[in-house]
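Below is one structure, written out as structure tokens; comments come after it.
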Amino acid sequence: MLGAKTEEKKKPFDDTIEPCEPFRRGKCTSGHSCLQSHDVEILNIRRRKLCVNLLRHGYCRAGDTCKWSHNFGAYPCFSKAAFGTCKKKACNYSHEAAIGRVASSSANGNTMSSVLLSPQRGTQSIAQSGGSLFTK
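Quick note: the sequence shown uses the UniProt record's numbering, first residue 1, plus one each step.
And the structure:
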């Protein structure tokens, strides 16, 4: 039809995977016409990576409004997982067993196997059959 408006319909906020940063801070004024997601699961996606400012400087000006995670305890301590011990007196990272993946060899070639890292004993156990794993 000539003269008719050809305006693309805006997609609702729950159809996108791009998080709405203003909504995270409680300042989105677009409401249901917002082109970015207000879904809590989507908003937490970026919070899975640690805040670089907190890592480098020990603080972050953004505080609770930072789009990156400030929860060191959600990440395994490298020393504890790799060597079975952590020498830090006050380590912020988790010392619990973690699930990981390691390369292993098989008759069909190299594969990846899921393993349960058990840093308390300095050993690893295969969670998925079919691979070989070297332990300390």
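For each residue, glycine too, the CB sits at the ideal point set by N, CA and C.
- Relative to the Cα of K67, the nearest Cα in the group V52, K87, E96, H95 belongs to V52.
- In this structure, the CA atom of C86 is about 39 Å from the CA atom of G26.
- Excluding its 5 nearest sequence neighbours in each direction, H95 has C-beta neighbours in its own chain below 6 Å: C77, K80, listed in chain order.
- Excluding sequence positions up to five before and after C34, its CB lies within less than 8 Å of the CB of F13, C20, F23, C28, all in the same chain and listed in chain order.
- Each residue's CA atom was taken as its position, placing N92 and F72 some 6 Å apart.
- By a beta-carbon distance limit of 8 Å, S30 does not contact L50. Their separation comes to about 29 Å.
- Between the alpha carbons of H57 and V40 lies a distance of about 28 Å.
- Bridge partners of P19 according to DSSP: S37.
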